Structure formats: structure tokens, C-alpha cells
Amino acid sequence: MDKNELIAKVKKLINLHKKGLLGGEIMPEDSNPNLTKASKENFIYFTLPMALNYQRNSYTLWQSALKTWKDKETIKVFDTINISKLSFEKVQEYLTKYKLALQKNKQTEFWIKLCLSINKHFDGDIRNLFNNNNNDIIEVKNYILKNKKDFPYLSGTKILNYWLYVISQYTNINLKNKHSISVAPDTHIIQSSLKLGVISPQDLDKSNIREIVSLRWEKLLKDTNIYPIDIHTPFWLWSRNKFKVEI
-2 MDKNELIAKV
8 KKLINLHKKG
18 LLGGEIMPED
28 SNPNLTKASK
38 ENFIYFTLPM
48 ALNYQRNSYT
58 LWQSALKTWK
68 DKETIKVFDT
78 INISKLSFEK
88 VQEYLTKYKL
98 ALQKNKQTEF
108 WIKLCLSINK
118 HFDGDIRNLF
128 NNNNNDIIEV
138 KNYILKNKKD
148 FPYLSGTKIL
158 NYWLYVISQY
168 TNINLKNKHS
178 ISVAPDTHII
188 QSSLKLGVIS
198 PQDLDKSNIR
208 EIVSLRWEKL
218 LKDTNIYPID
228 IHTPFWLWSR
238 NKFKVEI
């Protein structure tokens, strides 16, 4: 398949998604309390659980996040300003009540560290990360990567890009340089890439398969009007529905 044919198929998948023809399934992050998109609380809701998004089902993660938010006791873990007033054991209790945290010690540490970093760097308001960096994806990513220790797991390549994608979809923010958000190559993105011939079956056995997928799409979509993040949801749904839709 040459590049023009491949890009035509990508555009078709994007259009099918816009028409609701790729299954119309809700995305994991749709499990949210429907907060005002511009609010501090909305930004924090879509930030903190990302630090716990490690080798787990995204649907159950966000379902657990929503249950934790709706509980008048456990919602306290989303209050970064007052997190230090809670004991480690209490934060752990709240995070594990609905299985938001599965690794109760490590993930509780991650959550607390991220809360304290948001307080330290952004006065308890993660929106300031974007304001301070001109709402520019490149500047935001550079900032996070320069301060990796302060942002456990969120600073990882896959999750950083995925988080920025979610922020771009579920908040009101208008981000610059969206082309710099690499596609987050989870299982479904990898399988769609295989289906389209962007990777080979042999590539699947390589330890850096995620990086391979990300770089190949970045190269293929360069000089097109498609951002790498634009393919995430269409590919995700296409694969999850076992490629029932022919393109």
C-alpha cells in the first residue's frame, strides 16, 4: 500500500468515526462527572487518575475514578490543596475503596506526589501548567520532561501523550501544536497499525514496538492535515470492534 492509499484509508476511518459508524461505543474517559469543561475540578479529574494508568483496563480505571469522585468521603483525594492533611493510610484507604489504586503502596505514593507537585508548581491548579506554557504542547511536554521526578508516570512517553490527548478532548482548552501529541500506541492502536500494514507481524515481537508505531505514524502524517491524535479514537474503536467495518 502506498502512502496516498494509506492516508485515504485513515481519512475514511476518521470520517466513519465522525458519523458514528465504528461501533459508537463510549470511550473509557466518558466515565466522568460531567463537570464544567473549563473548571479546575474538571482538569484535575482528568489528570490524577492518569498516574495510576499502568497495565490495566482503561474502562475499569475511569469507572473507579468516577465512583471515587461521587463518594463524599473518597472525593477528598482529588483535593490537591488539602491532600497533605490526610495521612498516607487514609489516602490509601480512599484510593483502594473502589479499586482506583490497585498497587496500594506504590500508586498511593504516585497520587500524593503528583498532588504535591501540582501544589508546588501550579498553586494547586493544573490549568496553570498550560497557562504558564502558552497552551503550547511542545512547551508543556518540555516542562514535564525537565521535571520528570515531580510527575510520576504522567511523565512517561505513552501516558504523557495520552493525557494531553484526553485534556484536548474533555476540557475547553485550545492547545497549540497539536501535531506534537504523538499517538498513544496501546493494544488497539498497534493492532490497527498492523491491519493497515504500517507495521509487520515481526514488529510485534520487538521490545520497542510502541515507539516504532508512534514514530511511523508521525512520519506518515507529516505534511498532511491529520494530527497523530486524530487517529486515536477511530483506530481504537475499529480494533475494539474487531475490524468489522471494512475500509
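The numbering of the sequence shown is the numbering used here, which starts it at -2 and goes up by one. The beta-carbon is built from N, C-alpha and C at its ideal position, and this holds for glycine as well. Quick caveat: nothing in here was measured; it's all calculated off a predicted structure.
- If you keep only unbroken alpha helix (DSSP H) runs of at least 4 residues inside the stretch 95 to 134, you get 103 to 119, 124 to 129.
- About 5 angstroms separates the beta carbons of Lys37 and Asp122, which is inside the 8 angstroms limit, making them a contact pair.
- In this structure Tyr150 is not in contact with His229, their Cβ atoms being roughly 19 angstroms apart against a cut-off of 8 angstroms.
- For Lys175, the three-state secondary structure derived from DSSP is helix.
- Using a 10 angstroms sphere on the CB of Asp227, the tally of other CB atoms reaches 16 or more, which defines it as buried.
- For Leu3, same chain residues with a beta-carbon under 8 angstroms away, outside a window of 5 residues either side, are Leu193, Gly194, Val195, Leu217 in chain order.
- Separation of Asn31 and Asp(-1) (C-alpha to C-alpha, rounded to the nearest whole angstrom) is 42 angstroms.
- The count of Cβ pairs closer than 8 angstroms, one atom from the stretch 73 to 80 and one from the stretch 107 to 126, reaches three, so the stretches are in contact.
- For the pair Asn132 and Ile170, the CB atoms are nearer than the 8 angstroms cut-off.
- Gln89 counts as buried, since no fewer than 16 other beta carbons sit within 10 angstroms of its beta carbon.
- If you ignore the 5 residues before and after Trp233, its C-beta comes within less than 7 angstroms of the C-beta of His185, Ile186, all in its own chain and listed in chain order.
- Between Ile178 and Tyr140, the C-beta gap is not smaller than 8 angstroms, which leaves the two residues out of contact.
- Within its own chain, the residues whose Cβ lies closer than 7 angstroms to the Cβ of Leu142, once the five positions on either side in sequence are excluded, are Ser152, listed in chain order.
- Burial is judged here by how many other beta carbons sit within 10 angstroms of a residue's own beta carbon; Phe85 has fewer than 16 and is exposed.
- Under the rule that a run must span 4 or more residues, the alpha helix (DSSP H) segments found entirely inside the stretch 169 to 216 read 184 to 192.
- Annotation for Arg124: Lys37, Phe40 place their beta carbon closer than 7 angstroms to its own, counting only its chain and skipping 5 residues before and after.
- For Gln52, there is no enclosing alpha helix (DSSP H), as DSSP gives it neither H nor E.
- Judged by DSSP in its simplified three-state form, Val242 adopts coil rather than helix or strand.
- Following the DSSP letters along the chain, one finds Ile228 in no alpha helix (DSSP H), marked with neither H nor E.
- Below 8 angstroms, too few C-beta pairs join the stretch 195 to 205 and the stretch 57 to 73 to call them touching: fewer than three.
- The closest CA to that of Ile164, considering only Gly20, Lys15, Met47, is found on Met47.
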